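Inspection log for the structure reproduced underneath, given as structure tokens.
Numbering (our numbering), first residue to last: 69 to 180.
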């Protein structure tokens, strides 16, 4: 059994909805976030809020997953770069190389 919804406006003291005469009566097009069905309907924007909040939560989750995935890729790339650099430094040290010519030795400054 499908429930019949009354078209009453909470902003107008629960009087009958004015529909197209109301600024909050808008058309929504897209895909329903829970069912995947196409939506092309007119309705009160207040009534659309639960659907839009669900869609927003899904988009935030997808954005967070993409950010985490990018972070993991960057960590892997940094670890690989670090391993290559350490291997190159290890090879230089094994060959008896001294410090890099641009390396500046820091001296400890005595405290006054």
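Cβ coordinates follow ideal geometry from the N, Cα and C atoms, glycine included.
Computed from a predicted model, the values in this text were never measured in an experiment.
The three-state reading of DSSP puts residue 73 in coil, since its state is none of H, G, I, E or B.
Just measuring C-alpha positions, the residue of 73, 104, 103 and 130 sitting nearest residue 111 is 73. With a cutoff of 8 Å on beta-carbon distance, residue 120 and residue 92 are scored as not near each other.
Annotated three-state conformation of residue 83 is strand, per DSSP. The beta-carbon separation of residue 96 and residue 116, rounded to 6 Å, stays under the 8 Å limit for a contact.
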